[in-house]
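See structure below.
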Amino acid sequence: MRFEDSPLSKSLSFEKIELGFGTNYLFDDFFIMEVNEGVHFNSETLNSLLAEVRKHYGSHKQLAYIANRVNSYSIDPVLWSYFDKDDSILIAAAIVSYRNSTLMSANIEKQLSSISMKRCTDIEEAISWVRTLSELN
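Counting in my numbering, the sequence shown runs from 10 upward without gaps.
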């Protein structure tokens, strides 16, 4: 389910930013990204996203990230190592999977990442988990 179609979108305050590769919903301590159908999310796409995130939050904010995988797209799983070594903006991530193929990809991504990562079956579960993170409270 797209975030804007969920009941939570009516009760939470956020800023919506649309980029060429997808839609992002920015909250106080986390953001949700919904990548467009057919996109290959690579280092160039990531850098574009990070520029927008830093413009909104500043360079030193620690955030959680929710990948709401409502569309079919590909991602370079090595990108997770970028945050482990070079960037401290992401402290945790939740991947919402609606299909077995995205769940299998999330399993691989979890193994490649040293930040806390949870695989979820819906957007409500992901937001609930992010809100419990002690690093953000």
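By construction, the Cβ of each residue, glycine as well, lies at the ideal position given by its N, Cα and C atoms.
- The criterion of a C-beta distance shorter than 8 Å is satisfied by Ala102 and Ala76.
- Secondary structure within the segment 30 to 101: the alpha helix (DSSP H) runs of 4 or more consecutive residues, fully enclosed, are 52 to 66, 89 to 94 (chain order).
- Between the beta-carbon of Leu59 and that of Phe36 there is about 17 Å, and that puts the pair past the 8 Å contact cut.
- In summary, Glu43 is buried, with 16 or more beta-carbon neighbours lying within 10 Å of its beta-carbon over all protein chains present.
- Taken through DSSP and simplified to helix, strand or coil, Leu21 comes out as coil.
- A check of alpha carbon separations from Ala115 across Leu142, Lys25, Val87 identifies Val87 as the nearest.
- Taking every protein chain shown into account, the CB of Thr130 has fewer than 16 other CB atoms within 10 angstroms, so this residue is exposed.
- Taking all protein chains shown into account, Ile117 has fewer than 16 neighbouring C-beta atoms within 10 Å of its C-beta and is therefore exposed.
- Non-local beta-carbon contacts of Asn51 in its own chain, meaning distances under 7 Å to residues more than five positions away in sequence, involve Asp85 in chain order.
- DSSP places Ser123 outside any alpha helix (DSSP H), giving it a letter other than H or E.
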